[in-house]
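Trainee: In full-length UniProt numbering, the protein residues as written are 1 to 543. Quick reminder that beta carbons are idealized off the backbone N, C-alpha and C, glycines included. Sharing a structure, written as structure tokens. Questions coming.
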Amino acid sequence: MDCFSDDMGSPDTESIRALSLREQRLRIEQQEKQNQTEFNAVREIFENEQKLPRAARTLGNSLPNPKPGLQSIVEKQQRRLCTMVEQYNALQHTLRLRESQLQKMERTMKCLELDSNPDMDERHYDQARQILDHGIYNRVRQLENCLEKMSIKITEAENIHNTYIEVQEHLRREVRETPLVLEKLQSAVIRGQTELSHVAQMSHAAQAAVESTKGMLVQLERQLVMERRALESELHSKHQEKKKEVEARMEREDGERRVSHAPGKLKDQRKADGAKDALTDIIDSAAFREVQQSATQPNTQQSHVKLVKEMDYLKEALSCTDLQELESRLVSQRAMREQLHTQIRQCEEQIAQRQQGLATLELQYAQSKFKPGAGSGRYKQMQAALYAELEQERQRCWEWEAKLGKARTVLQRVEQGVNNLFYLMTCLSNQEEATEAPRDAVEKLQEIDSRLPSLPASELEQTKEGGGSDKLWTFLVQSTMMEPRNCKRANSPAYNSNTEDTFQFRSQEEDYSLSRDEIKRRNKQLIEASQPKKKAHKSPKKS
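Right under this line is the structure:
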């Protein structure tokens, strides 16, 4: 009870005694409501300020020359916001103080009530003492929590301060070292500029040397061309003189032979000339003789055998049985020849370009020859490399010319075979209408393809009277046996290396031809239609 004697004599205790407990609580509630309303108003203003876009909030900072009225309004609102926040913080602080005072006053009132009623039970006194101890214990715990939080904040602040000091020292160190780094970079830039100036001088000198050598190389190239033309003209004149001498000698010898020898010698000479002509165009002459023989003495069996031989020769030479395939191969061969011609032209153009480049380099070499220096050996190496490239291009051109020659020979052989086959077909044909002879090999192949289906029918009509069915049967069997699908040849056609490079043959599976059974069936039908009675007599009787 002595602990409250001092409080009872103070003016606060007297004002507390003057007011009842209920009135004090009402005043506190009113104060709390007022504080809450003020707090809500401040919070709304703060939220509105936060909801504004960032550009609007930083309008005064972002604009170069903002309007004075707008800037003043923004500053007023910010000041008002700051004052209201300060008022709110002060009101919260006063509210906490009033709550603590109210709790103290409630405890003192309970103590006063106990003092004013000495006859009260000890139970109420103990209860009041427990309430007071519980409040003190809560206050102590609050203070301990505050101390712990403050210690944590102090450690964090110390760490932040230490990191700040370290960063400051690092920045100072870098500031001290930056002048040295800048000096090093400046010296490196100066060295690079000097090197660039030296390189520019060297490039100018090299360019001048190249331009001088170009003129000299052009002059040398012209001299070489003139010398080569002179040599070619001399060789041509000598060749013409030798040719004239040989012709004069041959004429003298022929005149002496004509005077001295009999007409028998003239026949031998004609035979020798005929043999020479046969070597050049043997197939065309043979075909022409066959045409004459067929016109004078038509013999179908001999011409048929020769036709089969020519067809077999053409099949073995080209490993192909279809005339359309032969036509396509001729077309492809011509296309390949044209392609080779274009490639040769391109190679010649490249050679001309390289020769121009060589002429320019020779000119540069000639110009650099009068200015000896460190780059003379390099120009010699460049000249040697260019000469080597020129030789390679010439070699390639010669190779393409050789391939073109091979292709031409193969094409000539194929055209000769087609001509022979066409002449034989014209010998065997019995057409009364005179048609113009085709000039192109493709047209000849088309004509042969159109006449081949009518060949068996014409042969059957010719052999109907003499009973040549057995011969026709043997011929058809032989022709079918010689097909690549019906029989396996022991000796595969020997290909020439000249034709392998330029002509591409297809496989035997891709060649179109009738099967052996199909040909037999069709031949049987034709023979039965032409001679049904003979087949009936020859059929054996069943026992």
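Give the secondary structure of Asp-449 by DSSP, where H, G and I count as helix, E and B as strand, and everything else as coil.
Mentor: In the sequence shown, counting from the first residue as 1, residue 449 sits at position 449. Here Asp-449 sits in helix by DSSP.
Trainee: How is Ser-515 classed by DSSP in three states: helix, strand or coil?
Mentor: Here residue 515 refers to the residue found at position 515 of the sequence shown. Residue state, collapsed to three classes: coil.
Trainee: Roughly how many angstroms separate the alpha carbons of Ala-206 and Val-225, rounded to a whole number?
Mentor: What you label residue 206 is simply residue 206 of the sequence shown in a count that begins at 1. What you label residue 225 is simply residue 225 of the sequence shown in a count that begins at 1. Taking the straight line joining both Cα atoms gives about 28 Å.
Trainee: Check whether the segment 402-421 and the segment 347-355 touch, using three or more Cβ-Cβ pairs below 8 Å as the test.
Mentor: No contact exists between the segment 402-421 and the segment 347-355.
Trainee: Determine the direct distance from the alpha carbon of Ile-136 to that of residue 562, and round the result to whole angstroms.
Mentor: The chain is shown from 1 up to 543; residue 562 falls before or after that span and cannot be answered.
Trainee: Rounded C-beta distance between Glu-338 and Met-216? I'm assuming under 8 Å.
Mentor: Your numbering for residue 338 matches position 338 in the sequence shown. Your numbering for residue 216 matches position 216 in the sequence shown. Contact doesn't hold; Cβ gap of about 41 Å is too wide.
Trainee: Report the CB separation of Glu-389 from Arg-354 in whole angstroms; it is logged as a contact under 8 Å.
Mentor: The residue you call residue 389 lines up with position 389 of the sequence shown. The residue you call residue 354 lines up with position 354 of the sequence shown. Contact holds; Cβ gap of about 6 Å.
Trainee: Please classify Tyr-379 as buried or exposed, where buried requires at least 16 neighbouring CB atoms within 10 angstroms.
Mentor: Here residue 379 is taken as the residue at index 379 of the sequence shown, counted from 1. It is buried - the Cβ of Tyr-379 has at least 16 other Cβ atoms within 10 Å.
Trainee: For Thr-194, which residues of its own chain have a beta-carbon under 8 Å away from its beta-carbon, when the five flanking residues on both sides are left out?
Mentor: Numbered from 1 along the sequence shown, position 194 holds the residue referred to as residue 194. Taken in chain order, the list of residues that qualify is empty.
Trainee: Just verifying my parser: in three-state terms, what is the DSSP assignment at Asp-440?
Mentor: In the sequence shown, the residue the question calls residue 440 occupies position 440. Of the three classes helix, strand and coil, the one that applies to Asp-440 here is coil, per DSSP.
Trainee: Can you tell me whether Gln-367 is buried or exposed, with buried defined as 16 or more other CB within 10 angstroms of its CB?
Mentor: For the purposes of this step, residue 367 is taken as the residue at position 367 of the sequence shown. Buried, by the Cβ-count rule.
Trainee: In the structure shown, what three-state DSSP assignment does Thr-502 receive?
Mentor: Reading the sequence shown from its first residue, position 502 is the one you call residue 502. Confidence in Thr-502 is poor, its pLDDT being 43 and thus under 50, which makes the residue's placement unreliable; the coordinate value appears in the next sentence. Note: Thr-502 maps to helix in three-state DSSP.
Trainee: For Gln-34, is the classification buried or exposed, using 16 other Cβ atoms within 10 angstroms of its Cβ as the cut-off for buried?
Mentor: For the purposes of this step, residue 34 is taken as residue 34 along the sequence shown, with counting starting at 1. Exposed: under 16 other Cβ atoms inside 10 Å.
Trainee: Roughly how many angstroms lie between the CA atoms of Ala-529 and Val-331, to the nearest whole one?
Mentor: Residue numbering aside, residue 529 sits at position 529 when the sequence shown is read from its first letter. Residue numbering aside, residue 331 sits at position 331 when the sequence shown is read from its first letter. Straight-line Cα distance between these residues: approximately 41 Å.
Trainee: Within this structure, are the beta carbons of Lys-214 and Gln-383 separated by less than 8 Å?
Mentor: Along the sequence shown, read from residue 1 onward, the residue named residue 214 stands at position 214. Along the sequence shown, read from residue 1 onward, the residue named residue 383 stands at position 383. No, Cβ-Cβ distance for Lys-214 and Gln-383 is not below 8 Å.
Trainee: List the whole-angstrom C-beta distance separating Pro-456 from Leu-404, where the pair is believed to meet the contact cut-off of C-beta under 8 Å.
Mentor: By 1-based counting over the sequence shown, the position of residue 456 is 456. By 1-based counting over the sequence shown, the position of residue 404 is 404. No, Pro-456 and Leu-404 are not in contact; Cβ-Cβ is about 41 Å, not under 8 Å.
Trainee: Per the DSSP calculation, Thr-213 is bridged to which residue(s)?
Mentor: Here residue 213 corresponds to residue number 213 of the sequence shown, with the count starting at 1. Gln-364, Tyr-365, per the DSSP bridge assignment.
Trainee: Taking buried to mean at least 16 other C-beta atoms within 10 Å of its own C-beta, is Cys-111 buried or exposed?
Mentor: Mapped onto the sequence shown, residue 111 falls at position 111. Cys-111 is buried by the Cβ-count criterion.
Trainee: Considering only the beta carbon of each residue, do Leu-91 and Glu-38 sit closer than 8 Å?
Mentor: Start at 1 with the first residue of the sequence shown, and residue 91 comes out as number 91. Start at 1 with the first residue of the sequence shown, and residue 38 comes out as number 38. Result yes, Cβ atoms of Leu-91 and Glu-38 sit closer than 8 Å.
Trainee: Measuring CA to CA, which of Gln-31, Ile-154, Ile-160, His-134 is closest to His-93?
Mentor: As a working mapping, residue 93 is identified with position 93 in the sequence shown. Cα-wise, what sits closest to His-93 is Gln-31.
Trainee: Please report the distance separating the alpha-carbon of Lys-244 from that of Arg-228.
Mentor: Here residue 244 is taken as the residue at index 244 of the sequence shown, counted from 1. Here residue 228 is taken as the residue at index 228 of the sequence shown, counted from 1. Cα-Cα distance, rounded: 24 Å.
Trainee: From Ile-448, Ile-154, Glu-415, pick the residue whose C-alpha is nearest to that of Ala-427; which is it?
Mentor: Locating residue 427 in the sequence shown gives position 427, counting from the first residue. Residue 427 is actually Cys in this sequence, not Ala. Nearest of Ile-448, Ile-154, Glu-415 to Cys-427, Cα basis: Ile-448.
Trainee: CA-CA distance, Ala-230 and His-239?
Mentor: Locating residue 230 in the sequence shown gives position 230, counting from the first residue. Locating residue 239 in the sequence shown gives position 239, counting from the first residue. In a straight line, the C-alpha of Ala-230 is about 14 Å away from that of His-239.
Trainee: Check each candidate in Ser-454, Ser-328, His-341, Glu-23 and name the one with the smallest Cα separation from Glu-443.
Mentor: Residue 443 sits at position 443 when you count from the first residue of the sequence shown. Closest option to Glu-443, Cα to Cα, is Ser-328.
Trainee: In whole angstroms, what is the alpha-carbon distance linking Cys-397 and Gln-223?
Mentor: Against the sequence shown, residue 397 aligns to sequence position 397. Against the sequence shown, residue 223 aligns to sequence position 223. Cys-397 and Gln-223: Cα-Cα distance of roughly 24 Å.
Trainee: For Ala-402 and Gln-395, what's the separation of their Cα atoms in angstroms?
Mentor: As a working mapping, residue 402 is identified with position 402 in the sequence shown. As a working mapping, residue 395 is identified with position 395 in the sequence shown. Distance between the alpha carbons of Ala-402 and Gln-395 is about 11 Å.
Trainee: What are the start and end residues of each continuous alpha helix (DSSP H) run of 4 or more residues lying completely inside the segment 370-418, in chain order?
Mentor: None, since the segment 370-418 contains no complete alpha helix (DSSP H) of that length.
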